[in-house]
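Position 182 of the sequence shown, counting from 1, maps to 188 under our numbering, and the rest follow consecutively. Built from N, CA and C at the ideal position, the CB exists for glycine as well. Bear in mind that the values here come from a model prediction, so they are computed numbers and not experimental data. Written below as structure tokens is the structure these notes are about.
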Amino acid sequence: MKKLHIPGNLLKVLLLGTLLTGCQNDDLLSPQETIGVTADDQNAKINAELKLVKDGTTIVQYVKQGRFTGKLSKVSETAYYTQYSYDDSTGDLWVTSKRYNKNTNALVEEIKYKIVNGRCITSINVSTNWTSQFVYNEVGRLNEINLSSGALTQKRVFTYDYNSATGTERLKQVVFSTPTGAYQQVNFTYTYGLIAEKKDKYHLNSEHLGLDRYLPYFTKFSDVLIQQVQITPLPYTNQAKPYYRYFYSLNADGYAIGRNKEFFPLGYGYEAGKQSFYSGLDYSTNWGGI
């Protein structure tokens with residue numbers, strides 16, 4: 007059989023073409039491989055996040071897969087449970103919460119939240135027909151909530167203290183009002199007696215703000231845990247001023263693992279009617295969900 011003779015110059019060209027083709031194929035595969043690795047890394051980071059899974063008797067669950075992985079999916083209380091769904095098909099993120107009665111599965115309340123740049127700017131309570139508009143200050147703290155339902159309006163104004171030592175703002179006061187005037191003032195304090203401030207390493211919204219406790223879209227109100235809350239009826243004419251006191255136990259990493267709430271319905275210093283509530287808080291990187 008006659009050997010095929012390939013000139014030296016042509017052989018060099020063919021070899022070079024083969025090498026280039028191999029490089030091009032590697033380049034074509036690399037972006038796909040990189041995307042896969044990046045997505046896997048991101049999902050691994052989200053799935054490894056430490057999350058609150060139990061708050062007293064309340065069980066907290068999260069989305070387990072898809073692009074909303076890690077977001078709140080269900081909160082189950084003693085008598086009620088709330089389910090959360092997410093929709094960003096319009097460009098903005100909409101979060102819908104639906105609260106149900108555990109015994110009957112009847113829908114109790116439905117609220118839709120519009121989220122822009124990580125902050126809730128509007129909420130619509132479908133059940134009560136009240137709409138809330140959220141206003142933030144220049145550093146992103148919640149300044150006002152303006153509520154409306156037809157001709158009815160209400161307002162909540164938030165006031166902060168600036169802490170120069172930490173460079174942070176801490177919620178000091180919220181005033182609730184209608185067009186006829188203010189009807190309630192809530193004051194927050196972050197120390198109690200000789201008990202020093204305690205870092206808030208896992209933010210939850212205070213029950214005294216009228217916000218969903220577990221949704222993280224209203225910004226953080228303080229870098230430390232609330233220790234005292236006083237509620238003053240307005241205009242004040244010597245009525246009782248309900249008072250709350252909070253004590254926390256922390257784990258070695260600084261997370262609150264126990265919260266004791268004391269409620270004094272007649273106000274600070276009045277023991278009559280005092281109630282105490284204890285909640286253990288559990289966290290896990292192996293959180294449950296859908």
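- prompt: For the segment 96-105 against the segment 196-207, are there 3 or more C-beta pairs whose distance is under 8 Å?
  reply: no
message: So Y250 and K267 are supposed to be a Cβ contact under 8 Å. How far apart are they, rounded?
response: 6 Å
field: Close Cβ partners of A278 (< 6 Å) along its chain, the five nearest in sequence each way excluded
entry: L272
query: With 16 other CB atoms within 10 Å as the buried threshold, where does A112 fall?
result: exposed
- prompt: Who pairs with E116 in a beta bridge, going by DSSP?
  reply: K104
- prompt: If you run the structure through DSSP and keep just helix, strand and coil, what is L215?
  reply: helix
task: Out of V230, P222, N211 and Q234, state which residue places its alpha-carbon closest to the alpha-carbon of T174.
output: V230
message: According to DSSP, simplified to helix, strand and coil, what is I41?
response: Note on I41: pLDDT 41, under 50, position unreliable in the model; no value is reported.
- request: Answer with buried or exposed for R162, where buried requires no fewer than 16 other C-beta atoms within 10 angstroms of its C-beta.
  value: buried
Rounded separation between V192 and R176 - CA only: 14 Å
message: Could you check whether the segment 162-172 touches the segment 180-194, counting it as contact only if at least three pairs of C-beta atoms, one from each stretch, sit closer than 8 Å?
response: yes
- request: Give the range of the beta strand (DSSP E) segment to which K80 is assigned.
  value: L78 to S82
task: Go ahead and pull the three-state DSSP assignment for F227.
output: coil
message: With the cut-off set at 8 Å, would you say Y86 and Y106 are in Cβ contact?
response: yes
task: Sort out for me which residues DSSP pairs L158 with in a bridge.
output: S155
query: Helix, strand or coil for D288 per DSSP?
result: strand
- prompt: Counting Cβ pairs closer than 8 Å, one from the segment 274-288 and one from the segment 219-227, do we hit at least three?
  reply: no
message: Tell me which residues share the same chain as N211 and place their Cβ nearer than 8 Å to its Cβ, disregarding the 5 neighbours each side in the sequence.
response: L217, D218, R219, Y220, L221, F224 and F227
- prompt: So who's on the other strand from P271, going by DSSP bridges?
  reply: According to DSSP, P271 bridges with nothing at all.
query: Below 8 Å between beta carbons: does that hold for I127 and F140?
result: yes
- request: Could you check the C-alpha separation between A262 and S82 for me, to the nearest Å?
  value: 20 Å
query: Does the Cβ-Cβ distance between V69 and Y289 come in under 8 Å?
result: no
- prompt: Looking only at its own chain, which residues have a Cβ that is under 6 Å from the Cβ of Q67, when we skip the five neighbours before and after it?
  reply: S79, K80, G294 and G295
query: If you follow the beta strand (DSSP E) that K70 is part of, which residue opens it and which one closes it?
result: Where K70 is concerned, there is no enclosing beta strand (DSSP E), given that its DSSP letter is neither H nor E.
task: Mind checking which residues open and close the beta strand (DSSP E) that includes P222?
output: Note, P222: premise wrong, no beta strand (DSSP E); not H, not E.
message: What residue range does the beta strand (DSSP E) around V180 cover?
response: T174 to T184
message: Please list the terminal residues of the continuous beta strand (DSSP E) segment that includes A188.
response: G187 to T195
query: Looking only at DSSP bridge pairs, what is N266 linked to?
result: F253 and Y284
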